[in-house]
Amino acid sequence: MPELPEVEVVRRGLERWVSGRIVADVQVLHPRAVRRHIAGGEDFGARLKGHRIGLAQRRGKYLWLPLSDLGEAGHVPAPPGTAPRPVVAAPEYVQYEGAAPSHDAPHGPTRERTPLRRGRSADSPSAVLAHLGMSGQLLVQPQDAPDEKHLRIRVRFSDALNTELRFVDQRTFGGLSLHEMSPDGLPDVIAHIARDPLDPLFDDDAFHEALRRRRTTVKRALLDQSLISGVGNIYADEALWRARLHYERPTTGFTRPRTAELLGHVRDVMNAALAVGGTSFDSLYVNVNGESGYFDRSLDAYGREGEPCRRCGTLMRRRPWMNRSSYFCPRCQRPPRVTS
DNA sequence: ATGACCACCTGCGAGC
DNA sequence: TGCTCGCAGGTGGTCA
3 MPELPEVEVV RRGLERWVSG RIVADVQVLH PRAVRRHIAG GEDFGARLKG HRIGLAQRRG
63 KYLWLPLSDL GEAGHVPAPP GTAPRPVVAA PEYVQYEGAA PSHDAPHGPT RERTPLRRGR
123 SADSPSAVLA HLGMSGQLLV QPQDAPDEKH LRIRVRFSDA LNTELRFVDQ RTFGGLSLHE
183 MSPDGLPDVI AHIARDPLDP LFDDDAFHEA LRRRRTTVKR ALLDQSLISG VGNIYADEAL
243 WRARLHYERP TTGFTRPRTA ELLGHVRDVM NAALAVGGTS FDSLYVNVNG ESGYFDRSLD
303 AYGREGEPCR RCGTLMRRRP WMNRSSYFCP RCQRPPRVTS
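Here our numbering is used: the first residue of the first sequence is 3, the next is one more, and so on.
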């Protein structure tokens, strides 16, 4: 369910309320909630226990919590040539300044704007990777709060803060998993996920070339996480409406200015959503404190079937598309001449 | 190799 | 009241 802005809101909440704390105990209440971990939920929990949670990171719709070693055995040593250094300050000292987090590639172009050097953590060889799927939530709750109906995983910490981290997921499409970090600072299993459009190192030209190479249509391309990550059904429809592009428009003929304009709209709509806490239609998307975002009030396309286009007044339409829906203005977003 | 589809789940609202 | 159907923010595996 959540797309980049919603996941980023959650990441910020984790950074504020969870990073820096030490895992005391993990309870796995539903086996599907722990993914790709053959040894099972109990082993998953045992491997987290005693580790300090590093700075929450995100790429696209994935987020992860690096685990730092407190000195126990059984960990991959730091990569050669990288001096270990302390990962995190206490939560109170963590600051975050902008809408454009930078994740890795500390040797990349020196355009880093964040004061925090969040990058490859030499002393964090493994990480807990989280994907929220369609209905997942990460909540920081008081320990005595009643269990949510779909509570799947509970993480307790070894401090006196009296809050715990909960993974709640109605449909169980999401989950947590444990992974080694690859040399470029990502959990190994998400190496195929492209940078997201808010990443300062996103390569606009490479994206344009990839669009032209692909024989596909524009909405499929926007949803392809190996080309551009973080875009889902809502923000794809919103960006296409802003760019006046029909979702079935082939990408092959895209000019550089057209790609640039589309990317600009993707970034604008995501930043606008981020500024108001993301999009919530119901209680299924909330931040770590259980609060909804307000961007649903600002949607121009998604969910507006039968309502007037905010640009031209024509009634908006919904079309079944890939087992989901596409919302568009039939006048502003003309279909391509040849639709297969 | 690339592109297109569907299974994986639970719940809710509409219609009968 | 209660059934069935369609629909929901995503992804990976599999098929052509």
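The beta carbon of each residue, even a glycine, is placed where N, CA and C say it ideally should be.
Quick check on the burial criterion: 16 or more other C-beta atoms within 10 angstroms. Buried or exposed for residue i?
{"i": "D171", "result": "buried"}
{"i": "G295", "result": "buried"}
{"i": "H194", "result": "exposed"}
{"i": "E5", "result": "buried"}
{"i": "S123", "result": "Residue placement at S123 is flagged as unreliable, the pLDDT there being 42, under the threshold of 50; a coordinate-derived value is accordingly withheld."}
{"i": "T281", "result": "buried"}
{"i": "N235", "result": "buried"}
{"i": "R168", "result": "buried"}
{"i": "T253", "result": "buried"}
{"i": "S128", "result": "buried"}
{"i": "M183", "result": "buried"}
{"i": "A147", "result": "exposed"}
{"i": "R339", "result": "exposed"}
{"i": "R197", "result": "buried"}
{"i": "I55", "result": "buried"}
{"i": "D270", "result": "exposed"}
{"i": "T316", "result": "exposed"}
{"i": "M318", "result": "buried"}
{"i": "P322", "result": "exposed"}
{"i": "G187", "result": "buried"}
{"i": "E44", "result": "exposed"}
{"i": "R23", "result": "buried"}
{"i": "R258", "result": "exposed"}
{"i": "G42", "result": "exposed"}
{"i": "P68", "result": "buried"}
Just confirm the distance between the C-beta atoms of residue i and residue j, as a whole number of angstroms; I'd bet it's less than 8 Å.
{"i": "G279", "j": "N289", "result": "6 Å"}
{"i": "D206", "j": "L134", "result": "With 8 Å as the limit, D206 and L134 do not qualify as a contact, their Cβ atoms being about 27 Å apart."}
{"i": "L200", "j": "M272", "result": "6 Å"}
{"i": "C334", "j": "R251", "result": "Not a contact, Cβ separation roughly 13 Å."}
{"i": "R37", "j": "G255", "result": "39 Å between Cβ atoms; not a contact."}
{"i": "I1", "j": "L131", "result": "Residue 1 cannot be examined here, being either before or after the span of the chain that is shown, 3 to 342."}
{"i": "E2", "j": "R299", "result": "Nothing can be reported for residue 2, as the shown portion of the chain is limited to 3 through 342."}
{"i": "K336", "j": "H248", "result": "Rather than Lys, the amino acid found at residue 336 in this sequence is Arg. Between H248 and R336 the Cβ distance is about 6 Å, and since that is below 8 Å, they are a contact."}
{"i": "Y237", "j": "V268", "result": "7 Å"}
{"i": "S179", "j": "H39", "result": "6 Å"}
{"i": "A274", "j": "F297", "result": "7 Å"}
Following the continuous beta strand (DSSP E) through residue i, name the residue where it begins and the one where it ends.
{"i": "F175", "result": "Note, F175: premise wrong, no beta strand (DSSP E); not H, not E."}
{"i": "V157", "result": "L153 to F159"}
Tell me the residue span of the alpha helix (DSSP H) that contains residue i.
{"i": "G138", "result": "Segment G138 to P144 is the beta strand (DSSP E) holding G138; no alpha helix (DSSP H) there."}
{"i": "L131", "result": "L131 -> not in any alpha helix (DSSP H); beta strand (DSSP E) instead, spanning S128 to H133."}
{"i": "F209", "result": "D206 to R215"}
{"i": "D2", "result": "There is simply no residue 2 to check, as the chain begins at 3 and stops at 342 in what is shown."}
{"i": "L16", "result": "L6 to W19"}
- Item | Whole beta strand (DSSP E) elements within the region 23-67, 3-residue minimum | 25-30 and 59-61
- Item | Ranges of the beta strand (DSSP E) found wholly within the region 263-327, counting only runs of at least 3 | 319-323
- Item | Sufficient close CB pairs (3 or more, under 8 Å) joining the region 313-332 to the region 237-253 | yes
- Quick one: any contact between the region 156-165 and the region 214-229, if contact means 3 or more CB pairs under 8 Å? no
- Query: Would you call the region 306-317 and the region 219-232 touching, i.e. three or more CB-CB distances under 8 Å?
  - Reply: no
- Message: With a threshold of 8 Å, are at least 3 pairs of Cβ atoms found where one atom belongs to the region 8-15 and the other to the region 58-67?
- Response: yes
- Message: Could you tell me which whole beta strand (DSSP E) segments of length 3 or greater appear in the region 210-257?
- Response: none
- Message: I want to know whether the region 25-34 touches the region 45-52 - three or more CB-CB distances under 8 Å.
- Response: yes
- Query: Quick check: the region 13-20 against the region 127-145, are there 3 or more CB pairs under 8 Å?
  - Reply: yes
- Query: Would the region 144-154 and the region 30-40 be scored as touching if the rule is three or more Cβ pairs under 8 Å?
  - Reply: yes
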